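Report on the following structure.
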Amino acid sequence: MRRLPRVALLPLPLTLALLVAAGAPEAPVSAPRSLVWGPGLRAGVVLPVRYFYLQAVNSQGQNLTRSPPGQTLFKVVIKSLSPKELVRIHVPKPLDRNDGTFLMRYRMYETASEGLKIEVLYGDEHVAQSPYILKGPVYHEYCECPEGDPQAWQKTLSCPTKEPQIAKDFASFPSINLQQMLNEVPKRFGDERGAIVHYTILNNRIYRRSLGKYTDFKMFSDEILLSLARKVLLPDLEFYINLGDWPLEHRQVNEIPGPLPIISWCGSLDSRDIILPTYDITHSTLEAMRGVTNDLLSIQGNTGPSWINKTEKAFFRGRDSREERLQLVQLSKENPELLDAGITGYFFFQEKEKELGKAKLTGFFDFFKYKYQVNVDGTVAAYRYPYLMLGDSLVLKQDSMYYEHFYMALTPWKHYVPIKRNLSDLLEKVKWAKENDGEARKIAKEGQLAARELLQPHRLFCYYYGVLQLPSNMHFRNTRSASPANRKYVMGWSSFLSQMITCPRASASGKDLPEKSFKSAPIDSPASASDRLKASLQTEAGLR
Ligand SMILES: *[C@@H]1O[C@H](CO)[C@@H](O)[C@H](O)[C@H]1NC(C)=O
Ligand SMILES: *[C@@H]1O[C@H](CO)[C@@H](O)[C@H](O)[C@H]1NC(C)=O
Ligand SMILES: *[C@@H]1O[C@H](CO)[C@@H](O)[C@H](O)[C@H]1NC(C)=O
Numbered sequence: 001m002r003r004l005p006r007v008a009l010l011p012l013p014l015t016l017a018l019l020v021a022a023g024a025p026e027a028p029v030s031a032p033r034s035l036v037w038g039p040g041l042r043a044g045v046v047l048p049v050r051y052f053y054l055q056a057v058n059s060q061g062q063n064l065t066r067s068p069p070g071q072t073l074f075k076v077v078i079k080s081l082s083p084k085e086l087v088r089i090h091v092p093k094p095l096d097r098n099d100g101t102f103l104m105r106y107r108m109y110e111t112a113s114e115g116l117k118i119e120v121l122y123g124d125e126h127v128a129q130s131p132y133i134l135k136g137p138v139y140h141e142y143c144e145c146p147e148g149d150p151q152a153w154q155k156t157l158s159c160p161t162k163e164p165q166i167a168k169d170f171a172s173f174p175s176i177n178l179q180q181m182l183n184e185v186p187k188r189f190g191d192e193r194g195a196i197v198h199y200t201i202l203n204n205r206i207y208r209r210s211l212g213k214y215t216d217f218k219m220f221s222d223e224i225l226l227s228l229a230r231k232v233l234l235p236d237l238e239f240y241i242n243l244g245d246w247p248l249e250h251r252q253v254n255e256i257p258g259p260l261p262i263i264s265w266c267g268s269l270d271s272r273d274i275i276l277p278t279y280d281i282t283h284s285t286l287e288a289m290r291g292v293t294n295d296l297l298s299i300q301g302n303t304g305p306s307w308i309n310k311t312e313k314a315f316f317r318g319r320d321s322r323e324e325r326l327q328l329v330q331l332s333k334e335n336p337e338l339l340d341a342g343i344t345g346y347f348f349f350q351e352k353e354k355e356l357g358k359a360k361l362t363g364f365f366d367f368f369k370y371k372y373q374v375n376v377d378g379t380v381a382a383y384r385y386p387y388l389m390l391g392d393s394l395v396l397k398q399d400s401m402y403y404e405h406f407y408m409a410l411t412p413w414k415h416y417v418p419i420k421r422n423l424s425d426l427l428e429k430v431k432w433a434k435e436n437d438g439e440a441r442k443i444a445k446e447g448q449l450a451a452r453e454l455l456q457p458h459r460l461f462c463y464y465y466g467v468l469q470l471p472s473n474m475h476f477r478n479t480r481s482a483s484p485a486n487r488k489y490v491m492g493w494s495s496f497l498s499q500m501i502t503c504p505r506a507s508a509s510g511k512d513l514p515e516k517s518f519k520s521a522p523i524d525s526p527a528s529a530s531d532r533l534k535a536s537l538q539t540e541a542g543l544r
């Protein structure tokens, strides 16, 4: 400002040059020119934690690429539109992503029937188009308020029209042989040691029964199915979820009998399981800002020091769930200048603890004090990978046959640096990264940007719905095109219930599925579940 009088005397081109030169290092934030966008500004996007983004822009209209100096002056104030309506809303401080962008979150504990007013402020100035008015009703997470038109719901969430992993998973199942699935899954995978749960969705209610002893993780599948059913009308459907670590179906597509559709958290190149986002990111998304501290959003505001201030070493902490993790520790002892690796808990290789020692637990956010992160499989894919990708360190990823729902969109050398399964080139790759800092930083940034896009919480809901929706579409295709004679053999999952009365299955497995064996999930009383099942059976029978 001091310069203004002098500047005013200079010819125009020079004035502009001076303004730019003066503006760059100061990088003052312009509240009106800054940008605000995201799903949390749309009433219809119901999520456990709603969120939107902010890009700080300076008065020249340039994006800031790092945090404005000093404490952030950005803040968000959210109120019910109607002064008469008391709505509890938790609005934490914006998450500073250290690159000129911020993540704003809020969790609603009540529905705002009239709507919400969201003020985004810089100091006491409104940012971008603030205040934002969300016309009600704006539902909270626990509202039983399903949108009856799934397509409209998908559109509101801006769900991608294609999920390549879902398309690939279902390519193994051009049609689903319902009889085969229901007869064989319990026999092949439902033994005592099994971790299979049989779900039925009927009239947007969830029913399930466990096959096997190790099904405690059904709390995760329950909670996401219930959350989905509160938001959108789900198709009537039967399916099996495998809650164990390993994918199960190893039959080839062209084998006879063919593979069975089993849904798992983790996929592998040698199996046909249909995968879902892991229980880890699912649960943390549902419980974010309620006890869970490490989730897909919170991680983005806790990525440690800036790139140039990170320790130039590769870092690893984790349990002993795979041999290469022990090798990492050995490598680390021999090359402490390149690698800092430690095992924090022994279970599988207890005899190694004496030799390798036990490292203290490190908070996940502290991982990002290091420039390079090593991602080595646990029993299956390491479920830390999404979080590592959201940080701003370079991820060195072990080659693996295991994958999660979003891996397909990531490319080696573009989004992460691949390392051999036996880690033989790990040190070499760390050295490469140290010597090619610009390149390494670029890959880290690309990876982070891709992960930010792919791992948005609303996309998890899109993905789950995409998996549940496909078989019911197949049902329509199959029943309409199949001749009546074929109909009872090749049929979508959703017709199972009518099958139960018109064509009782031979109990070859010795385990029939009488309706009373369906335990209702927590929201239903057993009585109402069984009544609904009966009522629906009648309707289904009537339709045929
Ligand atoms: C500024 O940031 C926004 C949001 O991150 C982005 O869409 C836009 O392309 C950026 N503009 C420039 C000139 O980089
Ligand atoms: C790096 O750390 C130093 C010392 O704490 C600090 O003054 C500097 O601002 C940091 N650099 C960046 C880019 O954050
Ligand atoms: C590691 O695996 C590669 C193949 O990916 C192989 O060529 C190499 O010999 C292996 N190294 C060791 C030490 O086993």
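Here full-length UniProt numbering is used: position 431 in the sequence shown is 431, and no number is missing along the way.
Quick reminder that beta carbons are idealized off the backbone N, C-alpha and C, glycines included.
Given the structure is predicted, the values throughout are model-derived calculations rather than measurements.
For residue i, which residues in the same chain have their Cβ closer than 7 angstroms to its Cβ, ignoring the five residues on either side in sequence?
i	result
I224	T282, L286 and Y464
P418	K397, D399 and P412
V380	D245, W246, C266 and Y402
P28	N58 and S59
T278	W265, C266, Y383 and E404
L12	Any reading at L12 must be qualified, since the residue scores a pLDDT of 43, below 50, and its modelled position is unreliable; no value is offered.
A359	R317, G342, I343 and T344
Using the Cβ count rule (16 or more neighbours within 10 Å means buried), how would you classify residue i?
i	result
M389	buried
D392	buried
S227	buried
W493	Annotation note: pLDDT 42 at W493 (below 50); position unreliable, coordinate value reported separately. The residue in question, W493, is buried, as its Cβ has 16 or more Cβ neighbours within 10 Å.
W432	exposed
residue 545	Residue 545 is absent from the model: the chain starts at 1 and stops at 544.
Y385	buried
D191	exposed
W153	buried
K218	buried
T311	exposed
E144	exposed
residue 547	Here the chain has residues from 1 to 544 only, and residue 547 is not among them.
A171	exposed
I299	buried
P39	buried
V395	buried
E249	buried
P150	buried
G61	exposed
S252	The residue you asked about is not Ser; residue 252 is Gln in the sequence shown. It is exposed - the Cβ of Q252 has fewer than 16 other Cβ atoms within 10 Å.
A314	buried
L338	buried
Y53	buried
Who are the Cβ neighbours of residue i in its own chain at under 6 angstroms, not counting the five residues just before and after it?
i	result
P131	K117 and E119
V376	E324, R325 and Q398
K371	K310, E312 and S393
residue 546	Because the chain in this structure spans residues 1 to 544, residue 546 falls outside the shown range and cannot be described.
L454	F406 and A409
residue 589	In this structure the chain extends from 1 to 544, so residue 589 is not present and cannot be described.
S284	V292 and D295
A451	M389 and L390
T215	A195, V197 and L243
L426	I419
Measuring only from the beta carbon, is residue i closer than 7 angstroms to any heavy atom that is part of ligand 1?
i	result
Q330	no
L64	no
Q151	no
Q55	yes
residue 577	Residue 577 is absent from the model: the chain starts at 1 and stops at 544.
S215	The amino acid at residue 215 is misidentified as Ser; the sequence shows Thr. For ligand 1, not one heavy atom lies less than 7 angstroms from the Cβ of T215.
T101	yes
Taking 7 angstroms as the cut-off, does the CB of residue i come closer than this to any heavy atom belonging to ligand 2?
i	result
S306	yes
N335	no
N309	yes
Leaving out the 5 sequence neighbours to the left and right, which residues in its chain are closer than 8 angstroms to residue i when beta-carbon positions are compared?
i	result
L297	V49, Y51, L95, L103, R105, A288 and P457
R421	E324, Q398, D399 and S400
R6	Only weak support is given to the placement of R6: the predicted model assigns it a pLDDT of 38, under 50, and the value that follows is read from those uncertain coordinates. If we look at R6 and ignore the five residues flanking it on each side, it has no Cβ neighbours.
Nearest chain C C-beta to residue i closer than 8 angstroms, yes or no?
i	result
D377	Going by chain labels, chain C is absent from the structure shown, which holds only one protein chain.
### Task
Would you be able to state if there are at least three C-beta pairs under 8 angstroms between the region 347-366 and the region 304-323?
Here the region 304-323 lies against the region 347-366, with 3 or more beta-carbon pairs under 8 angstroms apart.
### Query
What does the shell around ligand 3 hold, if a residue joins when its beta-carbon is under 7 angstroms from any heavy atom?
The set of residues with any CB-heavy atom separation to ligand 3 below 7 angstroms comprises, in chain order, K420, R421, N422 and S424.
### Touching by the beta-carbon criterion (3+ pairs, under 8 angstroms), the region 163-179 and the region 57-68
Here the region 163-179 makes no contact with the region 57-68; the two share fewer than three CB pairs at distances below 8 angstroms.
### Message
Assess contact between the region 361-369 and the region 293-312, defined as three or more Cβ pairs (one per stretch) separated by less than 8 angstroms. Is contact present?
### Response
Judged by Cβ distances under 8 angstroms, the region 361-369 makes contact with the region 293-312, as three or more pairs qualify.
### Query
On the three-pair Cβ rule with 8 angstroms, is the region 119-128 touching the region 69-88?
These segments touch.
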